[in-house]
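Since the structure comes first, as structure tokens, the remarks are kept for the end.
Protein chains in written order, with my numbering: chain B, 16 to 278; chain R, 100 to 377.
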């Protein structure tokens, strides 16, 4: 169980990025965090990953306070951040340096096969497409078998087709090991495709605005009425989180209309 | 399995295509570099043979070549080359060690940077030859002062290159190391060192170039051996062929030592995503 207890983060320049954020994520749950710019989404992920420490409050994983990067917590960034001087296979095995060579090779080969990049094991990162590079980054984060996997807008720089494929691919990988996923995104559809629970945050200072359960059966059909219903709810919550709601009887249309403007 | 993972094998990048080049092109490329000096030499030789110039102040290539052979057969050339190379090697070694250590520390620690960088930049602005009188007073007129002068010349470009490279290592890449909980030493070995390597090689090449420059300055100021002595000797005894022969020897040595750095570092830099592939 991952717990955030009244986490506050104030940057040295005085920006209050997070203001008393409390949150619990159960094992194996997929939590998607969505919200306007500057609502502290990335700050929250960095606090969980241990890359930044909260100014107040604490992050606790299974009763253990997180004070720095932790072996049970993996993170995937918006950019692949592959090390250009290592081959794809060595990048994937980066976190396994301590393990015996045989075990390392075997685990790297297995996870590369899972992301469909076996034939790219020996190439340099510069030779990969954007989608391939991000898949290598996913493999690198997964190979130490983290209990919690954090994703900071991992697909936002990819084209729509690649993005949709990677979302499904991510679900496949998740189904295998069932880590807890905490994902930050800008993309409402992505949130609904993946999430068990969607958390809407509001900015200045960053805090939780609304939580929307998302229990549609998987695989989720983007065209279905139920999907659309959740989408409207999320968009409406996003609009209200930015104080953009206009008083009207036809709440649905308003929300959908404002949906394009919320960022 | 998603559609995505099925299509993965279909996305074949052109990997080994550029790797396979014929033997002919591999030999033709360096040969291209010889074209310009050879044509110039040939032109001058023809000009002298046709009587367009006496070739007294700038001897034709054939005369220079004869001088070269003469100096070689007496063993003089080998001796002078060896002495000069040894000076450069010793000075370059000292300069590189000092420049690398101070550059790395200044790049890594903000406090050290604020402490020593202004001083070093100030010293860098002093033309290094200005130190010569002082070095001679301090270290005498023999090898020590020469090597220290060369080391001074090599130090600054190496310091500047290493410091700049360490400072500009991508924070995002360093964070990857932090996520995988690398210790300080592992961070240096697995992230920082490879990240600064391309810039380091450039810094070494710049330092080595200055090393060859300063060895000459040192030898001009008093030496009984070395290519610099050969130059001065040629001037005083009016032997232009000997001067040109020494200059050619410098060109060959400089190019060869530079090539050595490139060749040694190349296997470690194959990963670079470069704009140009020369």
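Glycine is no exception: its CB is placed at the ideal position from the N, C-alpha and C atoms. Note that the structure is a prediction, hence the values are computed from the model and not measured.
Taking CB distances under 7 Å as the criterion, tell me whether residue i reaches chain B.
{"i": "residue 278/R", "result": "yes"}
{"i": "residue 77/R", "result": "Look at the range of chain R in this structure, 100 to 377, and you will see that residue 77/R is not part of it."}
{"i": "residue 275/R", "result": "yes"}
{"i": "residue 321/R", "result": "no"}
{"i": "residue 372/R", "result": "yes"}
{"i": "residue 293/R", "result": "yes"}
If you count every other CB in all the chains shown that lies within 10 Å of the CB of residue i, and 16 or more means buried, which is it?
{"i": "residue 341/R", "result": "buried"}
{"i": "residue 16/B", "result": "exposed"}
{"i": "residue 335/R", "result": "exposed"}
{"i": "residue 147/B", "result": "buried"}
{"i": "residue 358/R", "result": "exposed"}
{"i": "residue 135/B", "result": "buried"}
{"i": "residue 137/R", "result": "exposed"}
{"i": "residue 248/B", "result": "buried"}
{"i": "residue 24/B", "result": "buried"}
{"i": "residue 270/R", "result": "exposed"}
{"i": "residue 26/B", "result": "exposed"}
{"i": "residue 241/R", "result": "exposed"}
{"i": "residue 207/B", "result": "buried"}
{"i": "residue 167/B", "result": "buried"}
{"i": "residue 264/R", "result": "buried"}
Can you check whether the C-beta of residue i is within less than 7 Å of a C-beta belonging to chain R?
{"i": "residue 139/B", "result": "yes"}
{"i": "residue 84/B", "result": "yes"}
{"i": "residue 99/B", "result": "yes"}
Taking Cβ positions, are residue i and residue j nearer each other than 7 Å?
{"i": "residue 333/R", "j": "residue 266/R", "result": "no"}
{"i": "residue 314/R", "j": "residue 186/R", "result": "yes"}
{"i": "residue 154/B", "j": "residue 183/B", "result": "no"}
{"i": "residue 97/B", "j": "residue 151/B", "result": "yes"}
{"i": "residue 199/B", "j": "residue 60/B", "result": "yes"}
{"i": "residue 42/B", "j": "residue 195/B", "result": "yes"}
{"i": "residue 199/R", "j": "residue 261/R", "result": "yes"}
{"i": "residue 226/B", "j": "residue 216/B", "result": "no"}
{"i": "residue 316/R", "j": "residue 204/R", "result": "no"}
{"i": "residue 186/B", "j": "residue 64/B", "result": "no"}
{"i": "residue 156/B", "j": "residue 89/B", "result": "yes"}
{"i": "residue 45/B", "j": "residue 210/B", "result": "yes"}
{"i": "residue 247/R", "j": "residue 238/R", "result": "yes"}
{"i": "residue 252/R", "j": "residue 309/R", "result": "yes"}
{"i": "residue 345/R", "j": "residue 330/R", "result": "yes"}
{"i": "residue 173/B", "j": "residue 131/B", "result": "no"}
{"i": "residue 306/R", "j": "residue 256/R", "result": "yes"}
Going along chain R, which residues have a C-beta under 7 Å from residue i?
{"i": "residue 94/B", "result": "271"}
{"i": "residue 90/B", "result": "278"}
{"i": "residue 319/B", "result": "Past the boundaries of the shown model lies residue 319/B; chain B is included only from 16 to 278, so the question cannot be answered."}
Which bits of chain B does residue i rub up against, with CB to CB less than 8 Å?
{"i": "residue 366/R", "result": "Correct list: empty, because the minimum Cβ distance to chain B is about 12 Å."}
In chain R, which residues lie with their C-beta within 8 Å of the C-beta of residue i?
{"i": "residue 2/B", "result": "Given that chain B is displayed from residue 16 to residue 278, the structure contains no residue 2/B and the question cannot be resolved."}
Name the DSSP beta bridge partners of residue i, please?
{"i": "residue 23/B", "result": "71/B"}
{"i": "residue 216/R", "result": "Answer is none; residue 216/R lacks a bridge partner."}
{"i": "residue 88/B", "result": "163/B"}
{"i": "residue 228/B", "result": "212/B"}
{"i": "residue 50/B", "result": "216/B"}
{"i": "residue 80/B", "result": "75/B"}
{"i": "residue 223/B", "result": "216/B"}
{"i": "residue 39/B", "result": "18/B"}
{"i": "residue 45/B", "result": "196/B"}
{"i": "residue 31/B", "result": "25/B"}
What do you reckon, is the C-beta of residue i under 6 Å from a heavy atom of the ligand ATP?
{"i": "residue 369/R", "result": "With respect to the ligand ATP, the structure offers nothing, as it holds no ligand at all."}
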